[in-house]
């Protein structure tokens, strides 16, 4: 599902809200998740999962075109751990 499909689904399920209101709500939702992760925090949505960040150590990488060794700096990357309810629904027979 892409963002436009999510917006369309939310519009269909909430006819009392205008599309610009729904888009604003979605923007606020995603912006707050990103902001919390940027601060080094964690975002947990019960039944869905938890967003956090993981540290990556600096390492040596390779340029795929030339094969030349390049330094890849340390960084933080987003991580998602699905919740128990999501895992159960995905694995239901």
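Numbering (my numbering), first residue to last: 22 to 114.
The C-beta atom is built at its ideal place from N, Cα and C for all residues, glycine as well.
Quick one: measure Cβ to Cβ for residue 32 and residue 40, integer angstroms, because I've assumed they're closer than 8 Å.
-> Taking C-beta atoms under 8 Å as the contact rule, residue 32 and residue 40 qualify, at a distance of about 5 Å.
List the DSSP bridge partners of residue 59.
-> DSSP, once it has assigned bridges, lists no residue as partnering residue 59.
Output yes or no for whether 8 Å exceeds the beta carbon distance between residue 96 and residue 90.
-> No. Outside cutoff.
Determine, using beta carbons only, whether residue 68 and residue 34 come nearer to each other than 8 Å.
-> Judged by beta-carbon spacing, residue 34 lies beyond the 8 Å limit of residue 68, meaning their Cβ atoms are not closer than that value.
Looking at C-alpha atoms only, which residue of 70, 62, 37 is the closest neighbour of residue 109?
-> Among 70, 62, 37, the Cα nearest to that of residue 109 is on 70.
What number of angstroms, rounded off, separates the C-alpha of residue 55 from the C-alpha of residue 101?
-> Rounded to whole angstroms, residue 55 to residue 101 spans 13 Å at the Cα level.
For residue 114, the three-state DSSP class (helix, strand or coil) = DSSP, read as helix, strand or coil, puts residue 114 in coil.
Using a Cβ cut-off of 8 Å (strictly closer), state whether residue 109 contacts chain C.
-> Going by chain labels, chain C is absent from the structure shown, which holds only one protein chain.
How long is the line joining the alpha carbons of residue 27 and residue 43, rounded to whole angstroms?
-> If you take the alpha carbons of residue 27 and residue 43, they lie about 10 Å apart.
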